[in-house]
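S.K.:
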Amino acid sequence: MRLEANKLRFRYDRRSPWVLDGVDFSVSAGERTAIVAPSGFGKSTLALLLAGYLSPTGGQVLLDGAPLPKKGLCPVQLIYQHPERAINPRWRLRQVLEESGSLDSAVLASFGIEAQWLDRFPRELSGGELQRFCVARALMSGAPFLICDEISTMLDVITQAQIWNRILAEAEKRGMGLVAVTHNMALAKRVCTRVFDLEKREYLAL
Amino acid sequence: MKRHWNRRRKVVLYTVLMALVVLAAFAYGALIPESAAAPDFSQAKLPPSLAHPFGTDWLGRDLFLRTLKGLSVSLTVGVAASLISAVAAVLIGIAAATGSRAVDGVITWIIDLVMGVPHTVLVILISFACGRGLKGLLAGIALTHWTGLARLIRAEVLQLRSQPYIAVSRRLGKSSGWILTRHLLPHLVPQFFVGLILMFPHAILHEASISFLGYGLPPEQPAIGIILAESMKYLSAGMWWLAVCPGLLLVAVVLLIDRLGENLRRIVDPYSAQE
Amino acid sequence: MNEKKPLLEISDLSVSFLMYDGSLERSSLQVISNLSLTVHPGEILAVAGSSGSGKSLLASAILGILPGNASVEGAMRYGGEPLTPERQKVLRGGEIALVPQSVAYLDPLMKVGRQADGHKKPRPTAERRALFRRFGLPEETEGLYPFQLSGGMARRVLVSTALLSNARLVIADEPTPGMSLDQAKEALRMFRDLADEGRSVILITHDIDLAFDFADRVAVFYAGTTVETAPAADFRRGPEALRHPYSRALWSALPQNGFTPIDGFQPYAGSLPAGCLFAPRCPLRTAACEAGTPPMRDIRGGEVRCIHAT
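Chains as they are written, first to last, in this note's numbering: chain A, 64 to 269; chain B, 130 to 404; chain C, 43 to 352.
Given below as structure tokens:
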């Protein structure tokens, strides 16, 4: 399977400047690619486009040659930088996980999600713990492509290592395609096999 | 000392007081025999005393009991009108926030229109047009009070729709209907109740003033407005208690409901939830 | 190391909050416990720790801007004199400046150029313009309002604001997220310049690898207390030079080092373990660790709160 962006152009409306101007990018199942660039270059916008949260103004986002589905479970799942915004604050965490399908106890165990947390509300947990829920939710949906938008930027290094090691293990097991948006080159090199520099529009040699 | 009267305790206190008021008002019909409030000319025109806390009127009826009965009518009318209004407000608010731009535009225009007319005038006109009486009163109050809450609900839903977790839900395959019932409505329920409670005082006061002006309930139904209207005739005769006592009770009840609603609103509003 | 008199001394600071725990009851939450810290003139002290460890609250405590339901115990001294609330009011914004986490701290109705100039200088200064240029902010930035800035640009404006002030102590609360590596290094280089001029910087961050390169000393925070304070050089050398098991775990978890994490999470303020706060996750744990909070000991030129440290 292959997820690609062809000559992708995007701006919010006709009066705004172009955020992305003709970007080409691709990632296949089993590959892990990082997207790096300083802030303001549209990394998050590219992530949103690749996961189908935004529609391109020009160019296309294709999955195996076809555009992303507008309804139903999207095969490309996105994890946000701020987990507290990606979770309904009035729901219990069990409901949050069940939104992606039935609970997979193996995934929950590997992320260290304890049973007693499932009955809690989001405000009772820390950012690191909530992020585990967001990652678990994305993985349990069974989507073959995962886009991680600065998911560990707000977390401490130990939690970062914990979460990424588990993601890598799952991705390897299922042959998923992984895109990691980050500004941390050390992390990009450690996690991914290729690095795409959005500013220079080229793949860097590792 | 002040630490003890935090907001949550205040809510509990007000709720208890409110429950007492409601109980008193409605228990009247059940527990107190007709005879206690019947006309008794030997007791006519007495000022407040221990036997008659609100005094008696020109027919010798105990004013306290009569006021309680009136309160029950006012409360019932208030609740009914508020409920109709609140439900309409929620439906209209959701329609505006989830519908097309055209629908939103029309609804917002209607809201601005209704809010632009002084609403006491509008209530009178509507109840007059509906032929006065209870039906006219309910219609008048309900058709004018939905606007504030509708605007609030519309703003809430618009803001909720832009939250990332709604987008996530869609990408996980959930339909709009599912998102409406599982994500949006639970957020709106507290706002609905708070809006409802804050509407009661308005509705009750409107009922009182419309009935006072003669456009509302018929004089046989002793709503507080009627009681106050009748008392006007006797003010110059020096029977001040006929107006002051029911009036004060009305003000006290309305204030109580308003304080309850305000405190609830502060608890529900997430920005002030850190206390 | 530095024989000069400390600029800021914090001893045994504890901060707790009265909070609602979801029911109608209020309870007390201990967010900072027994924290001791010293900052010398001309030094950059990095405070490293994960979110929820209480490090941002430290900044608020020093400035005296904690929320109303906070209670503070312990002693703070600034310039040798006790730091009372009245003194805090006089010093903050002047001698003690804050580089805050978000642009929400700026006046939303004032253009950022004017805000960076400060209240006392109505005309745009060459110094401020040069600083904006060094940070790679385009000319027009000075005419923008805070809400028009992107995250990274906002951070650079906030850092400039503090650099331009005459503060003797600058507290920078997470100044680097959102900046590119070059911009972050530029910002830290400027803090270094400030320190070299004799001023002091407290750098609160969870980008520990950056902190190691620019700071003089690093204080490691865990669950509201300092577990180790050591010269930054020790962190560059590697885990053998570090004293506390948590500092070693932090080092090993960095992607450029082992990327190997230890298990577990930082405990919440509401459920702190008895005894050493790190004990539940510590590979060196013994029964003695649960007996009580270990005292700070001086070891090999640094301080550490661990009974097993060498």
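Even glycine gets a Cβ: it sits at the ideal position worked out from N, Cα and C.
Which residues in the same chain as residue 401/B place their Cβ atom closer than 7 angstroms to its Cβ, once the five residues preceding and following it in sequence are excluded?
M.R.: Caution applies to residue 401/B, whose pLDDT of 46 falls short of 50 and renders its modelled position unreliable; the model cannot decide the point.
S.K.: Taking only three categories from DSSP, how would you classify residue 130/C?
M.R.: helix
S.K.: Counting only beta-carbon separations shorter than 8 angstroms, does residue 277/C have a partner in chain A?
M.R.: no
S.K.: Starting from residue 288/B, find everything on chain A with Cβ-Cβ shorter than 9 angstroms and list it in chain order.
M.R.: In chain order: nothing, as chain A lies at least about 13 angstroms away.
S.K.: Residue 363/B by DSSP, collapsed to three states: which one?
M.R.: Residue state, collapsed to three classes: helix.
S.K.: Mind pulling the chain C residues with CB within less than 7 angstroms of residue 183/A?
M.R.: Correct list: empty, because the minimum Cβ distance to chain C is about 10 angstroms.
S.K.: Whether or not the region 325-341 of chain B and the region 195-206 of chain B are in contact is what I'm after, with contact meaning three or more pairs of Cβ atoms, one per stretch, closer than 8 angstroms; do they touch?
M.R.: yes
S.K.: Between the Cα of residue 343/B and those of 324/B, 387/B, 261/B and 290/B, spot the shortest distance and give me the residue it belongs to.
M.R.: 261/B
S.K.: Between the beta-carbon of residue 204/C and the beta-carbon of residue 214/C, is there less than 8 angstroms?
M.R.: yes
S.K.: On the DSSP bridge assignment, give the partners of residue 120/C in chain order.
M.R.: 50/C and 123/C
S.K.: Could you round the C-beta distance between residue 222/C and residue 145/A to whole angstroms and report it? I think they count as a contact, below 8 angstroms.
M.R.: Not confirmed; about 20 angstroms, so no contact.
S.K.: According to the neighbour-count rule (16 or more other Cβ atoms, all chains shown, within 10 Å of its Cβ), is residue 185/C buried or exposed?
M.R.: exposed
S.K.: Is there a Cβ from chain C that is less than 8 angstroms from the Cβ of residue 244/A?
M.R.: no
S.K.: Would a check of beta-carbon distances place residue 281/B closer than 8 angstroms to chain A?
M.R.: Residue 281/B does not count as touching chain A.
S.K.: For residue 80/C, write down the residues that DSSP places opposite it in a beta bridge.
M.R.: Residue 80/C is bridged to 51/C.
S.K.: What residues are listed by DSSP as bridge partners for residue 88/C?
M.R.: 245/C and 260/C
S.K.: Within 8 angstroms of any Cβ in chain A, is that where the Cβ of residue 395/B sits?
M.R.: no
S.K.: Within the 8 angstroms Cβ cut-off, does residue 225/C reach chain A?
M.R.: yes
S.K.: Candidates 187/B, 247/B and 265/B: which alpha carbon is nearest residue 255/B's?
M.R.: 265/B
S.K.: Looking at chain A, is there any beta carbon in it that lies within less than 8 angstroms of the beta carbon of residue 292/C?
M.R.: Yes, residue 292/C lies at the interface with chain A (some Cβ there is under 8 angstroms from its Cβ).
S.K.: Work out the CA separation of residue 267/B and residue 280/B for me, nearest whole Å.
M.R.: Cα to Cα, residue 280/B sits roughly 21 angstroms from residue 267/B.
S.K.: Note down, in chain order, each residue of its chain lying with its Cβ closer than 6 angstroms to the Cβ of residue 387/B, except the 5 sequence neighbours on either side.
M.R.: The answer, listed in chain order, is 330.
S.K.: How is the alpha helix (DSSP H) around residue 211/A delimited, first residue to last?
M.R.: It is not in any alpha helix (DSSP H) - residue 211/A instead sits in the beta strand (DSSP E) that spans 208-212.
S.K.: Taking Cβ-Cβ distances shorter than 7 angstroms, what residues in chain A pair up with residue 297/B?
M.R.: 149
S.K.: For residue 222/B, does the count of other Cβ atoms within 10 angstroms reach 16, so buried, or fall short, so exposed?
M.R.: With 16 or more other CB atoms across the displayed protein chains lying within 10 angstroms of its CB, residue 222/B is buried.
S.K.: Keeping to the same chain, check which residues put their C-beta closer than 8 angstroms to that of residue 337/B; ignore five residues upstream and five downstream.
M.R.: Cβ-Cβ distances below 8 angstroms link residue 337/B to 203, 352, 353, 354, 357 and 379 in the same chain, with the five nearest sequence neighbours on each side left out; the list follows chain order.
S.K.: Can you give, in chain order, each stretch of the alpha helix (DSSP H) that sits fully within the region 282-314 of chain C and has at least 4 residues?
M.R.: 287-295
S.K.: Counting only the same chain and skipping the five closest in sequence on each side, list residues whose C-beta sits under 6 angstroms from that of residue 125/A.
M.R.: 67
S.K.: Just verifying my parser: in three-state terms, what is the DSSP assignment at residue 267/C?
M.R.: Under the three-state reduction of DSSP, residue 267/C is assigned to strand.
S.K.: Sort out for me which residues DSSP pairs residue 96/A with in a bridge.
M.R.: 242/A and 257/A
S.K.: Chain A partners of residue 302/B, CB-CB under 7 angstroms?
M.R.: Listed by position along chain A, the residues whose Cβ is nearer than 7 angstroms to that of residue 302/B are 135 and 136.
S.K.: Once the 5 residues before and after residue 236/B are set aside, which same chain residues still bring their CB inside 7 angstroms of it?
M.R.: If we look at residue 236/B and ignore the five residues flanking it on each side, its Cβ neighbours are 221, 224 and 225.
S.K.: Taking its Cβ as the centre, do 16 or more other Cβ atoms sit within 10 Å of residue 265/A, making it buried, or is it exposed?
M.R.: exposed
S.K.: Is the Cβ-Cβ distance between residue 186/A and residue 152/A less than 8 angstroms?
M.R.: yes
S.K.: Would DSSP call residue 65/A helix, strand or coil?
M.R.: strand
S.K.: Is any non-hydrogen atom of the ligand SAH found closer than 7 angstroms to the C-beta of residue 245/B, if you look at the structure I gave you?
M.R.: By its list of ligands, the structure shown contains no ligand whatsoever, and the ligand SAH lies outside what it can speak to.
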